[in-house]
Amino acid sequence: MLNQFKPTWMIESIYTLMPDELKANGIKAILTDLDNTLIAWNNPSGTQELRQWLNEMKANQIPVIVVSNNNHKRVEKAVQRFDLPFVARALKPFKTGIQKALKEYQLQPDEVVMVGDQMLTDVLAANRMNIRSILVKPLTQTDAWNTRINRLMERKIQAQLMKKKNFKIQWRNHLDD
Numbered sequence: 061m062l063n064q065f066k067p068t069w070m071i072e073s074i075y076t077l078m079p080d081e082l083k084a085n086g087i088k089a090i091l092t093d094l095d096n097t098l099i100a101w102n103n104p105s106g107t108q109e110l111r112q113w114l115n116e117m118k119a120n121q122i123p124v125i126v127v128s129n130n131n132h133k134r135v136e137k138a139v140q141r142f143d144l145p146f147v148a149r150a151l152k153p154f155k156t157g158i159q160k161a162l163k164e165y166q167l168q169p170d171e172v173v174m175v176g177d178q179m180l181t182d183v184l185a186a187n188r189m190n191i192r193s194i195l196v197k198p199l200t201q202t203d204a205w206n207t208r209i210n211r212l213m214e215r216k217i218q219a220q221l222m223k224k225k226n227f228k229i230q231w232r233n234h235l236d237d
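Just so it is clear: in the sequence shown, position 10 is 70 by this note's numbering, and no numbers are missing.
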């Protein structure tokens, strides 16, 4: 049961993902959470680092698609300045949003990776869809009120995973570190 919360990779930040390492792992598109993964939940304007990363993905023809549990208005407002496609009300940890993204953008499960900062939503949804996942550290140390509950539960899950011999919390900068 705990394996459903286990990410494929754990990296410090989505911004350290490089096109060559994605392509080397057969990844043609990135599905990403929005808040505290792509942008800080309390800074929808994003950063220069985000813009540079998005430009690098675009230059290498790796689509970045936001798959968020937020409502349409919130996601649209956050991503319009970056011209990113999105799926709102994704209902993660259920399969709904990921299935919609795969169908709408004509992608296969083995061609994508789901990137997010939460095991209980992003990683679990990816594992339910049999797609690879990347758990990243949240961009900020604060969370919206509804995410704080998840963080508490995640700490308990991580503690249980640590008891298993085949799981170590090992944050990396790149997929193949």
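Glycine included, every Cβ here is placed at the ideal spot set by N, Cα and C.
Keep in mind the model is a prediction, meaning the values are calculated, not measured.
Discussion item. Quick test of your reading: residue 91 and residue 161, contact by CB under 8 Å. State the CB separation rounded to the nearest angstrom.
Written reply: 6 Å
Worksheet item: For residue 74 versus residue 173, is the C-beta spacing smaller than 7 Å?
Response: no
Discussion item. The beta strand (DSSP E) that contains residue 89, what's its start and end?
Written reply: 89 to 92
Discussion item. In whole angstroms, give me the CA-to-CA distance for residue 164 and residue 221.
Written reply: 34 Å
Worksheet item: Since residue 179 is in the alpha helix (DSSP H), which residue starts that stretch and which ends it?
Response: It is not in any alpha helix (DSSP H) - residue 179 carries neither H nor E in the DSSP assignment.
Worksheet item: Given a threshold of 16 other Cβ atoms within 10 Å of its Cβ, counted over all protein chains shown, does residue 153 qualify as buried or as exposed?
Response: buried
Item to complete: Starting from residue 236, follow its DSSP beta bridges and name the residues at the other end.
Response: In the DSSP output, where bridge partners are listed per residue, residue 236 has none listed.
Worksheet entry | Cutoff 7 Å; reference residue 170; Cβ partners in own chain excluding five residues on either side | 86
Item to complete: Could you tell me which residues DSSP puts in a beta bridge with residue 151?
Response: None, per the DSSP bridge assignment.
Worksheet entry | Alpha-carbon spacing of residue 199 relative to residue 223, whole angstroms | 27 Å
Worksheet item: How many angstroms separate the CA atom of residue 68 from the CA atom of residue 141?
Response: 30 Å
Item to complete: Please state whether DSSP places residue 144 in a helix, a strand or coil.
Response: coil
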